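K.L.:
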Amino acid sequence: MAAGSETFRSTILNSSSHAEREDTSLPWPHPPRSWCRSGKSRSSIMAQSHSGPRAGASRAKRGGGGGGHKKPAADRAEAGEAVAGGGERIAKVLARAGICSRREAERWIAEGRITLNGVRLASPAVNVAPTDTVEVDGKALPAAEPARLWRFHKAKGLVTTHRDPEGRPTVFNRIPAALGRVISVGRLDINTEGLLLLTNDGALARMLELPSTGWLRRYRVRAHGRLTQADLDRLKGGISVDGVHYGPIEAQIDRQQGGNVWMTIALREGKNREIKRVLEHLDVAVNRLIRVSFGPFMLGDLAAGAIEEVKPRVLRDQLGEKAILEAGIELPRPQKEERGRAGGERTSREAAAPAAPKPKRTKPMRARRTEAGNFAGGPGRKPKGGR
2 MAAGSETFRS
12 TILNSSSHAE
22 REDTSLPWPH
32 PPRSWCRSGK
42 SRSSIMAQSH
52 SGPRAGASRA
62 KRGGGGGGHK
72 KPAADRAEAG
82 EAVAGGGERI
92 AKVLARAGIC
102 SRREAERWIA
112 EGRITLNGVR
122 LASPAVNVAP
132 TDTVEVDGKA
142 LPAAEPARLW
152 RFHKAKGLVT
162 THRDPEGRPT
172 VFNRIPAALG
182 RVISVGRLDI
192 NTEGLLLLTN
202 DGALARMLEL
212 PSTGWLRRYR
222 VRAHGRLTQA
232 DLDRLKGGIS
242 VDGVHYGPIE
252 AQIDRQQGGN
262 VWMTIALREG
272 KNREIKRVLE
282 HLDVAVNRLI
292 RVSFGPFMLG
302 DLAAGAIEEV
312 KPRVLRDQLG
322 EKAILEAGIE
332 LPRPQKEERG
342 RAGGERTSRE
352 AAAPAAPKPK
362 RTKPMRARRT
372 EAGNFAGGPG
382 RKPKGGR
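Numbering (my numbering), first residue to last: 2 to 388.
(1) By Cβ distance, which residues of its chain are closer than 6 angstroms to L300, with the 5 residues on each side in sequence left out?
(2) Taking all protein chains shown into account, decide if P297 is buried (16 or more other Cβ within 10 angstroms of its Cβ) or exposed.
(3) If you drop the 5 nearest sequence neighbours on each side, which residues of the same chain put their C-beta closer than 7 angstroms to that of R278?
(4) Tell me the DSSP bridge mates of V137?
(5) In whole angstroms, what separates the C-alpha of E309 from that of L159?
(6) For H246, name the three-state secondary structure that DSSP assigns.
(7) In its own chain, which residues sit with a C-beta less than 7 angstroms from the C-beta of V129, not counting the 5 before and 5 after it?
(8) Of all the options R182, D133, D165, V120, which has the alpha carbon lying nearest to the alpha carbon of R149?
(9) Report the rounded CA-to-CA distance for G187 versus G271, giving the unit in angstroms.
(10) Expressed to the nearest angstrom, what Euclidean distance is found between the alpha-carbon atoms of E275 and A96?
(11) Would you identify the three-state DSSP class for R334, choosing helix, strand or coil?
(12) Leaving aside the five residues before and after T229 along the sequence, list all residues of the same chain whose C-beta is less than 8 angstroms from its C-beta, in chain order.
(13) How should Q257 be labelled, buried or exposed, when 16 other C-beta atoms within 10 angstroms of its C-beta is the threshold for buried?
(14) Start and end of the beta strand (DSSP E) containing A267?
(15) Look up T162 in the DSSP assignment and say whether it is helix, strand or coil.
(16) Does DSSP put E251 in a helix, in a strand, or in coil?
(17) So, for I291: in the same chain, excluding its five sequence neighbours on each side, which residues have a beta-carbon less than 7 angstroms away from its beta-carbon?
(18) Return the CA-CA distance between A123 and L320, expressed in angstroms with no decimal places.
(19) In the DSSP output, what is S124 paired with across the bridge?
(20) Taking 8 angstroms as the cut-off, decide whether the C-beta atoms of V287 and V262 are in contact.
(21) What do you get for R152, buried or exposed, if any count of 16 or more other CB atoms within 10 angstroms of its CB means buried?
(22) From G168 to I110, what distance separates their C-alpha atoms?
(23) In angstroms with no decimal places, state the Cα-to-Cα distance between D202 and G99.
(24) Does DSSP put W109 in a helix, in a strand, or in coil?
(25) Taking P125 as the reference, give the member of E107, D133, R114, T132 with the closest Cα.
(26) Between the Cα of V137 and the Cα atoms of I115, D234, R104, which residue gives the shortest distance?
(27) Which residue's Cα is closest to the Cα of L303: A141, K155, L142?
(28) Mind checking who A224 pairs with in its DSSP beta bridge?
(29) Mind checking L189: buried by the 16 CB within 10 Å criterion, or exposed?
(30) Got a sec, what are the start and stop residues for the beta strand (DSSP E) E194 sits in?
(31) Starting from I276, trace the alpha helix (DSSP H) in both directions and tell me its first and last residue.
(32) Out of L180, R235, G113, which one is the CA nearest neighbour of G139?
(33) Starting from E210, trace the alpha helix (DSSP H) in both directions and tell me its first and last residue.
(34) Around the C-beta of R223, are 16 or more other C-beta atoms found within 10 angstroms, so that it is buried, or is it exposed?
(35) Sort out for me which residues DSSP pairs E310 with in a bridge.
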């Protein structure tokens, strides 16, 4: 456990050692080291789910009276049947457009707000082809934009929802309107602060939320009460609380501060109020919870309320090409690559090649004094004021 503890105490965030007194800054008990050894996802992402042509063909043959003719896509959509021949599920298309999550899309379909080729949908079990026309509340679906990801430092007191029935301030009230409609990758409770990832792409959000990505979510936790490292070590194999099973949890005591204990906790899933419920089961009460990292993405020195976009190249490197293709995510082309194609700049491979030697200057240089005392550039010339 000693080696594991040392690894767990490390953090990539810039900070200094803190005194034992309480303050309002993020409490880092140890000098920073890298928490994230590998930036790559270790998981395979769920493949796209769609109906194949075989299923459609077999249904057509069994139709009898249809004479082998398939229903028009609009008629099949109205009947709630999946359109054969590939395409993507309607909920996925809506989520990728960044206007809602998949769950919200299914609710909108049930409310009769979605039409496909002019026909109101009755079921989300419908595939959409690129040539189909999807409308939401009578308005055409906006063209899908490249996926983008932002780091947002959520402050305490904000709820992670677009509309709060109680009228409380939300995360989305605090971000610039110029970003357009974005959704969160998972949620943070109203009293939880720290790193919240935001994206304009539902498929990207879904991919990052899956526990199968293998990415750790790390938190700094302050709780009232006392416990031992042995108590926390029991969480390594997972634990069940009130009939709910929670997966393996890594936890390390950092210091005892009066009646409070500071801990660093990491987990790979994000069940509702997981940390608070597990620690309550250990007879301590959480009174401060700060998420400091989500996989390779760190809170760092991002100020409370600030938002910063993850560069497309960084996002591509962290996700990996295979996962991006499997999830059907389109990322923006790096700016350098765009400028290079448009303005004739060298590619990254060309830029890495050794530079050609510079040609010798042919322009006459200013006269300079030689070792003999004369000025170069003409025989017998003397410096100004010389004899």
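Note that beta-carbon positions come from the ideal geometry of N, C-alpha and C, so glycine has one too. Remember, predicted model here, so these are calculated numbers, not experimental data.
P.N.:
Inspection of the coordinates gives the following:
(1) G195, L196, V293
(2) buried
(3) V242
(4) I115, K140
(5) Rounded to the nearest angstrom, the two C-alpha atoms are 18 angstroms apart.
(6) H246: strand per DSSP, three-state reduction.
(7) G88, E89, I91, V94, L117, V135
(8) The candidate whose alpha carbon is nearest that of R149 is R182.
(9) 8 angstroms
(10) 26 angstroms
(11) coil
(12) I254
(13) exposed
(14) 261-268
(15) coil
(16) If DSSP states are grouped into helix, strand and coil, E251 belongs with the strands.
(17) Closer than 7 angstroms at the Cβ level, and outside the excluded window around I291, lie L27, E194, G195, Y220, R221.
(18) 35 angstroms
(19) Per DSSP, none; premise fails for S124.
(20) The answer is no: Cβ separation not under 8 angstroms.
(21) buried
(22) Their Cα atoms are separated by approximately 26 angstroms.
(23) 5 angstroms
(24) helix
(25) E107
(26) When only C-alpha atoms are compared, the closest one is I115.
(27) K155
(28) V262, V287
(29) buried
(30) E194: member of the beta strand (DSSP E) spanning 193-200, first to last residue.
(31) 275-282
(32) G113
(33) Here the alpha helix (DSSP H) through E210 covers 203-210.
(34) buried
(35) W151
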